[in-house]
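Numbering (the working numbering), first residue to last: 3 to 154.
Just so you know, even glycine gets a beta-carbon here, dropped at the ideal spot from N, CA and C.
Just so we're clear, the structure is a prediction, and the values are computed from it rather than from any experiment.
Here's the structure, in structure tokens; my notes come after.
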């Protein structure tokens with residue numbers, strides 16, 4: 003094995019065996035997960051009905067990690083390892099193929115269609131109230147214009 007600076011580090015056969023076992027496990031996990039983490043595995047194959055083909059589009063990802071180690075110092079002698087992983091898929095839309103023309107149609111989150119206009123409305127209302135409060139504060143308690151302020 004080598005350190006980050008490129009210097010060789012003496013390792014025992016047991017440490018090499020543990021390192022190789024960990025690397026082999028991670029490679030097997032990557033092969034198995036990578037082969038199964040696909041759009042078709044999550045959402046199915048393209049559908050063909052009445053002259054229209056619909057192909058699902060999704061974002062699929064996976065990740066994993068693991069490690070192993072051995073400690074032999076003084077009266078302590080032990081080794082161990084562990085790992086874990088996960089996968090996820092998110093539908094993005096679909097491609098509709100009809101009469102030789104392909105059209106991508108995104109799947110939108112319904113909350114975006116509601117939350118964004120509502121947030122815009124609330125910001126507008128709050129902004130107009132704040133401006134009124136600032137103008138009122140500048141005019142003073144008696145409603146008289148501040149010096150230099152133009153009134154209509």
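Three-state secondary structure (DSSP) at residue i?
i	result
residue 79	strand
residue 140	helix
residue 112	helix
residue 52	coil
residue 29	helix
residue 126	helix
Would you tell me roughly how many angstroms separate the C-alpha atoms of residue i and residue j, rounded to the nearest one?
i	j	result
residue 90	residue 61	8 Å
residue 119	residue 102	37 Å
residue 64	residue 52	36 Å
residue 55	residue 28	38 Å
residue 134	residue 140	10 Å
residue 83	residue 113	43 Å
residue 71	residue 26	15 Å
residue 12	residue 31	Caution is warranted here: a pLDDT of 47 is assigned to residue 12, below 50, making its placement in the model unreliable, and the coordinate value is therefore given only provisionally. Answer to the nearest angstrom: the Cα atoms are 29 Å apart.
Run the CB neighbour count on residue i, radius 10 Å, all protein chains shown included, and call it buried at 16 or more, exposed below.
i	result
residue 96	buried
residue 5	Because the pLDDT of residue 5 is 49, which lies under 50, any placement of that residue in the model is unreliable, and the number read from its coordinates should be weighed accordingly. Exposed is the call here.
residue 138	exposed
Going by Cα to Cα distance, which pick from the options is closest to residue i?
i	options	result
residue 48	99, 128, 108	99
residue 68	86, 130, 108, 106	86
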